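In this note's numbering, the protein residues as written are 19 to 479. As structure tokens, the structure follows; a few thoughts come after it.
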Amino acid sequence: MSDAATMPKNDVKVTDAGPSRKKLTITIPAEVVGEKLRDSMSTLAVEAQIPGFRKGKAPRELLEKRFGGAMRSETKGQLVASAYQAAIEDLKLKVVGEPISPGLEKIDLKEGQGFTFDLEVEVVPEFDLPSLEGIAVKRPIIEIADAAVEEEITKLRVNEGTLEERETPEAGDYLTGHGVMVGKDGTTFYDIKGCVVQKPAADKKGKGMILGVAVDDFDKQLGSPKAGKTVTIKTKGPEGHEVEGIRGNDLTITFSVDRVDRIVPAEVSKIVSMFGMSDEGQLRDTVRQRLTERAKVQQQVAMRQQVAKHLLDSVKMDLPERLATHQSARNLEQRRMELMYRGVDPQKIEEHIAELRAASAGVAVRDLKLFFILHKAAEALNVSVTEGEMNQRIAMMAYERNVRPEALRKEIISRNQGGAIYTQVREHKTMDAILAKASVTDMPADAFNAAMKALNEGKQA
């Protein structure tokens with residue numbers, strides 16, 4: 019075997035291939051190809067077991083005839099992987115996603131000949147950060163109305179309520195059954211027993227959700243099926259769905275009803291007793307304190323949204339096309355974590371996620387652009403995230419959901435959502451560092467809700 023230090027180096031040429039995309043043309047010298055082929059054959063000769071021959075004693079001609087094609091294919095993969103890694107390190111390319119190589123499978127390795135192939139990679143966009151100082155931001159003044167306290171207590175009563183089985187569902191009732199989602203070509207995307215749907219309440223105007231997909235005329239298609247009945251829902255797959263096959267597909271969802279239930283809210287006295295409080299007055303004081311803490315989070319969210327909008331408006335960049343196309347899944351996880359952080363009810367979170375799936379691709383592109391901006395800003399501001407900060411965020415979300423932090427941590431790990439938590443904490447810390455240098459003015463309390471609504475719709479308050 020030759021000394022690697024004496025072997026000729028690969029020839030690498032790099033050209034622009036589109037927005038934030040590079041084309042690498044790599045030529046591996048004949049000497050390197052030959053050396054690797056001989057090494058692979060030597061390994062095969064030692065390991066191969068062929069009937070009629072002792073291990074390691076089969077003739078090389080027989081090995082080449084029987085295993086040569088597979089051996090060269092595996093060797094080619096090893097050469098490509100090694101050459102690619104060396105190229106991006108030498109060129110200091112910040113690659114995102116996996117490389118693609120059209121036509122690579124058609125190229126064969128031949129001893130005595132060099133090996134040339136093309137790879138296309140997407141890279142982190144190049145752009146200049148705007149000034150992070152003195153950004154104009156409005157801060158909403160916090161005010162907790164009695165109606166908000168009453169609404170929160172109603173939610174607690176519903177959460178701790180009991181199920182009352184019904185014969186025929188009415189608005190707001192829940193149906194449990196077997197849901198199956200099939201595409202127009204017969205592909206089954208979901209087959210879930212025990213899934214739950216809600217017959218839309220009056221304020222939903224007929225819109226509902228099934229198997230994570232929002233359906234505008236859901237109430238009309240669902241009807242009022244009793245247990246034992248099966249209904250069929252037809253809808254168009256949302257373009258922003260994380261499952262590629264569902265996007266734009268003509269979906270047919272069958273739902274076989276097993277049971278119908280209505281939630282009977284618990285009495286306030288039960289809530290008081292369950293939380294170990296002395297009376298209803300203490301419950302209301304505690305709820306008001308929780309809402310005050312939540313309002314502080316919402317206040318910070320409103321300010322961060324203004325920073326995000328300023329950064330998005332101030333930066334121009336060419337996004338990697340393939341990465342933008344596959345942004346949907348990451349986008350949904352980030353939004354889910356954000357809503358949990360804000361203390362939004364789990365049912366409302368799932369409704370929001372379903373609506374987000376139906377949103378335009380522009381939402382995913384916007385979030386991807388913001389991700390790159392905040393990543394670069396975090397580096398400029400030396401922002402880092404500690405394990406303690408991760409645990410603190412999980413504890414905060416657990417508190418809002420009335421679950422133990424350990425239980426939520428296990429759920430996050432099982433769903434592989436740790437990366438989403440890390441990104442959320444890092445982005446929040448980055449925007450908070452920018453807010454510390456911002457020009458902040460308070461806004462009247464009566465404008466708070468209107469401002470939040472406008473900001474959530476991507477408008478400047």
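Using N, Cα and C, we set each Cβ at its ideal position, and we do this for glycine too. These numbers were taken from a predicted model, which means no experiment stands behind them.
Asked                                                                                                                                                                                 : Found
If you drop the 5 nearest sequence neighbours on each side, which residues of the same chain put their C-beta closer than 8 Å to that of R422?                                        : A416
From the DSSP output, in three-state form, read off Q410 for me.                                                                                                                      : helix
Taking three-plus beta-carbon pairs below 8 Å as touching, is the segment 385–392 in contact with the segment 121–141?                                                                : no
Do the CB positions of L392 and T448 come within less than 8 Å of each other?                                                                                                         : yes
How is the alpha helix (DSSP H) around P423 delimited, first residue to last?                                                                                                         : P423 to S432
Please work out which residues of its chain come closer than 6 Å, Cβ to Cβ, to P283, disregarding the five sequence neighbours upstream and downstream, and give them in chain order. : R175, V176 and G179
Could you compute how far the alpha carbon of D363 sits from the alpha carbon of R433?                                                                                                : 19 Å
From K477 to V50, what distance separates their C-alpha atoms?                                                                                                                        : Residue confidence is low: K477 scores 46 on pLDDT, short of 50, so the model does not pin down where it sits. Its coordinate-derived value is still stated next. Their Cα atoms are separated by approximately 58 Å.
Which residue comes first and which comes last in the alpha helix (DSSP H) that contains M321?                                                                                        : E298 to S332
Exposed or buried, D237, counting other C-beta atoms within 10 Å across all chains shown (16 or more means buried)?                                                                   : buried
Report yes or no: do the segment 215–235 and the segment 300–311 share at least 3 C-beta pairs separated by less than 8 Å?                                                            : no
Tell me, please, which residues DSSP counts as bridged to R277.                                                                                                                       : T194
Can you tell me where the beta strand (DSSP E) holding Q216 begins and where it ends?                                                                                                 : T206 to Q216
Closest by CA to I162, which one among G197, K394, E79 and Q317?                                                                                                                      : Q317
Count Cβ pairs between the segment 264–283 and the segment 243–253 that sit closer than 8 Å; are there 3 or more?                                                                     : yes
Inspect the beta-carbon positions of S167 and R306 and report whether they are closer than 8 Å.                                                                                       : For clarity, residue 167 is Val in the given sequence; the question names Ser instead. A contact, by the Cβ cut-off of 8 Å.
How should K110 be labelled, buried or exposed, when 16 other C-beta atoms within 10 angstroms of its C-beta is the threshold for buried?                                             : exposed
Could you spell out where the beta strand (DSSP E) holding E182 opens and where it closes?                                                                                            : T180 to R184
Specify the secondary structure class of V282 as computed by DSSP and reduced to three states.                                                                                        : strand
Could you say if the segment 279–298 and the segment 307–315 meet the contact criterion of at least three C-beta pairs nearer than 8 Å?                                               : no
Determine whether the beta carbon atoms of I412 and I430 lie at a separation below 8 Å.                                                                                               : yes
Quick one, are the C-beta atoms of A99 and R78 less than 8 Å apart?                                                                                                                   : no
For G266 versus G201, is the C-beta distance shorter than 8 Å?                                                                                                                        : no
Excluding five sequence neighbours on each side, which residues of the same chain lie with their C-beta closer than 6 Å to the C-beta of K31?                                         : T43
Between T186 and the rest of its own chain, which residues show a CB-CB distance below 8 Å, the 5 nearest in sequence each way excluded?                                              : S242, K244 and V278
Helix, strand or coil: which one does DSSP assign to V141?                                                                                                                            : strand
Alpha carbons only, please: which of A104, P218, P117 and S58 is nearest the one belonging to A499?                                                                                   : Residue coverage of the chain in this structure runs from 19 to 479, which leaves residue 499 outside it and unanswerable.
Going by other Cβ atoms of all chains shown within 10 Å of its Cβ, with 16 needed for buried, is K217 buried or exposed?                                                              : buried
Short check: CB of I491 to CB of L150, under 8 Å?                                                                                                                                     : Lying outside 19 to 479, the shown extent of the chain, residue 491 is not represented and no answer is given.
Alpha carbons only, please: which of A219, D203 and G197 is nearest the one belonging to D209?                                                                                        : G197
Does the distance from the C-beta atom of Q352 to that of Q442 stay below 8 Å?                                                                                                        : yes
Does the beta-carbon of V401 have 16 or more other beta-carbons within 10 angstroms, so that it is buried, or is it exposed?                                                          : buried
Going by DSSP, what residues sit across from T45 in a beta bridge?                                                                                                                    : D29 and T134
Following the continuous beta strand (DSSP E) through I228, name the residue where it begins and the one where it ends.                                                               : G226 to I228
Please report the distance separating the alpha-carbon of Q67 from that of F85.                                                                                                       : 11 Å
Identify every residue that forms a DSSP beta bridge with D460.                                                                                                                       : R157
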